[in-house]
Amino acid sequence: MVDKRHMGKIGFACSAVLSSFGAMAIGEGEATGFPVGSGYLYPSVGVEVGYDDNIFLQENDEKSSWVTVISPKAKMEFEGEATTVALNLGAEVGNFANSHRDDYFDGNVSIDVSFYPTERATFAVSAGYKKSHEARGTAAQAGDAAFLFDRPNRYQIVEAGARFAYGLDQVGAPRFELALRTDDRTYDNNRTATIYRDRDSQEAKASLFYKVMPATSLLLEGRATKYDYDVATLDSKQYRLMAGVLWEATSQTEGFAKFGYGKKNFEDASREDANSASWELGVNWKPLSYSMFTLATSKDFDETDSVGDYVDSREISLEWKHDWYTYLGSKLQFSYGTDDYGNDLREDDVWQAGVKVDYRLRPGLIVGAGFTHTDLDSNEPGLSYKDNVVGVQLGVNM
15 MVDKRHMGKI
25 GFACSAVLSS
35 FGAMAIGEGE
45 ATGFPVGSGY
55 LYPSVGVEVG
65 YDDNIFLQEN
75 DEKSSWVTVI
85 SPKAKMEFEG
95 EATTVALNLG
105 AEVGNFANSH
115 RDDYFDGNVS
125 IDVSFYPTER
135 ATFAVSAGYK
145 KSHEARGTAA
155 QAGDAAFLFD
165 RPNRYQIVEA
175 GARFAYGLDQ
185 VGAPRFELAL
195 RTDDRTYDNN
205 RTATIYRDRD
215 SQEAKASLFY
225 KVMPATSLLL
235 EGRATKYDYD
245 VATLDSKQYR
255 LMAGVLWEAT
265 SQTEGFAKFG
275 YGKKNFEDAS
285 REDANSASWE
295 LGVNWKPLSY
305 SMFTLATSKD
315 FDETDSVGDY
325 VDSREISLEW
335 KHDWYTYLGS
345 KLQFSYGTDD
355 YGNDLREDDV
365 WQAGVKVDYR
375 LRPGLIVGAG
385 FTHTDLDSNE
395 PGLSYKDNVV
405 GVQLGVNM
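The opening position of the sequence shown corresponds to residue 15 in the working numbering, with each subsequent residue numbered one higher.
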């Protein structure tokens, strides 16, 4: 069913890698859009009902529950000769049949504006607001005291970004991209624990691409991020420099590989700085037009929830999507990840396997069923667990 909130740093490390590739047709539905003024409205809604045999991710005395999640979304898009504007609205309502204290209502709104003044130049700006939560099981896994509270941690994020790109996508022509991002995260409740997580961050990323062949580009990428905590003494500056290649060797294979080095420097002299190799890799292989394998792996520093000074996260995943018929598709996924908590002895290993089947009743209407098994092994006593989720889904793009 819905993505498990308990995966924390592990489990989502490669999501950005995988999202670089287009999804298979089955499982998404076909958005048609309704003309509204000079734009188009794309509404959709998803309904998921599943059974979770360990909603608090406990090693012993597991608690199970039926969980229902309803997620309406809407996108309003305007497109001019040199400008596109997209307004996104979304919500997610969760209900736990055996633990109503964990029910939640999350929401988000964002706007994206892109401007193309010339063939070579692109400007884009975005802003967004998100109101979300951390399930109590997630907080227990993170090793802080939030599980002692009777409500999930709730927080808000205000974010903004800008991107500038210049150059041509052709052999022998360089292309430059500069991206800026800022966000402010504030927790609303359980303040004796969550006050130490309030923070804001600013990030700048510069990328240089050079196409050496029609389907191959070299790249050099640098990133600098600054974290400022309101109370915790975890303020730091994080840097990463990577080099790599993007390719589409044939119609069957595409991918990218970036390797480099990362460094994290703390302002508090009592905390030990960190440096390590860093990488991102993603490869799509389509042996058939209706079958695709995706291999992804990544390694980078992440912010800690409370244990240690930072998290050194690594993950590798393999996914297979296959359309058996035009109306029937499946997805198998396996992943393994590790979280090493910097300047702390804790280390978590996570295995996850899942299977999902989607059936297209008609364009824009998808029904599906899935099963996910997660096994976390931690050297911290009491944090290891096993969890199984089975559910059915209905997706409607109106």
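C-beta atoms are modelled at their ideal positions from N, C-alpha and C, and glycine is treated no differently.
* Go ahead and label M90 buried or exposed: buried means 16 or more other beta carbons lie within 10 angstroms of its beta carbon, across all protein chains shown. => buried
* **Backbone CA spacing between T239 and Q252 [nearest angstrom]** => 5 Å
* To do: Report the three-state DSSP secondary structure of T152 (helix, strand or coil).
  => helix
* Nonlocal neighbours in the same chain, by C-beta distance under 6 Å from Y224, ignoring five residues either side -> P188, L232
* Should the region 279–295 be called in touch with the region 168–176, which here means at least 3 C-beta pairs below 8 Å? -> no
* For I84, I'd like the list of residues in its chain whose CB is within less than 6 Å of its CB, leaving aside the five on either flank, ordered along the chain. => V61, V107
* Please list the segments of the beta strand (DSSP E) lying wholly inside the region 227–287, counting only runs of 3 or more residues, in order along the chain. => 230–243, 250–264, 267–280
* Determine which residues share a DSSP beta bridge with K87 and list them. => S58, G104
* W80 versus G405, V185, F348, residue with shortest Cα-Cα distance -> G405
* Close-in-space but distant-in-sequence residues of the same chain around V59 (CB under 6 Å, 5 per side omitted) -> P86, V410
* Determine the DSSP secondary structure at R115, reduced to helix, strand or coil. => helix
* The alpha helix (DSSP H) spanning R205 covers which residue range? -> 205–208
* Quick one: Cα of T208 to Cα of I69, how far? -> 21 Å
* Can you name, in chain order, every residue of its own chain whose Cβ lies under 6 Å from the Cβ of N109, other than the five neighbours on each side? -> T82, D117
* Take the Cβ of E93 as the centre, count every other Cβ of all protein chains shown within 10 Å, and call the residue buried at 16 or more, exposed below. => exposed
* Asked: Got a sec? Which residues, its chain only, sit under 6 Å from I40 by beta carbon, not counting five neighbours each side?
  -> In this predicted model, I40 has a pLDDT of only 41, less than 50, meaning its place in the structure is not dependable; the value taken from the coordinates is given anyway. So the qualifying residues of the chain are D337, G343, D372.
* Asked: From L192 to Y180, what distance separates their C-alpha atoms?
  -> 9 Å
* Can you grab the Cα-Cα spacing for the pair M38 / D358, in whole Å? => Only weak support exists for where M38 lies, its pLDDT of 33 falling under 50; the value from the coordinates is given anyway. Distance between the alpha carbons of M38 and D358: 41 Å.
* Asked: Hey, quick one: how far does the beta strand (DSSP E) through F190 stretch, first residue to last?
  -> 188–201
* Contacts around S398, its chain only, beta-carbon distance under 7 Å, and the 5 residues preceding and following it disregarded -> E73, L390, D391, S392
* **Nearest candidate by alpha-carbon position, reference L71, set K345, F348, E148** => E148
* For R165 versus R115, is the C-beta distance shorter than 8 Å? -> yes
* Quick one, are the C-beta atoms of N167 and N122 less than 8 Å apart? -> no
* Option in S312, K272, S327 with minimal Cα separation from T318 -> S327
* What separation, rounded to the nearest whole angstrom, lies between the Cα atoms of D316 and L260? -> 25 Å
* Should L182 be labelled buried (16 or more other beta-carbon atoms within 10 Å of its own) or exposed? -> exposed
* To do: Given a cut-off of 8 Å, decide if A383 and Y324 are closer than it, judged by their beta-carbon atoms.
  => no
* Would a C-beta distance cut-off of 8 Å place D197 and D244 closer than the cut-off? -> no
* In whole angstroms, what separates the C-alpha of L234 from that of L309? -> 22 Å
* Based on the DSSP secondary-structure assignment, which residues constitute the bridge partners of L397? -> Note: L397 sits in no beta bridge, so no partner.
* To do: Confirm, please, whether the CB-CB distance from Y350 to E329 is below 8 Å.
  => yes
* Inter-residue Cα distance where the pair is L442 and F273 -> No statement about residue 442 is possible, as the shown extent of the chain runs from 15 to 412 and does not include it.
* Take G276 as the anchor and find which of S292, L346, L55 has the nearest alpha-carbon. => S292
* State the Cα-Cα distance for the pair S331 and A367, rounded to the nearest angstrom. => 10 Å
* Cβ-based neighbour list, Y65, same chain, cut-off 6 Å, excluding 5 preceding and 5 following -> W80, V404
* To do: Put Q170 into one of helix, strand or coil per three-state DSSP.
  => strand
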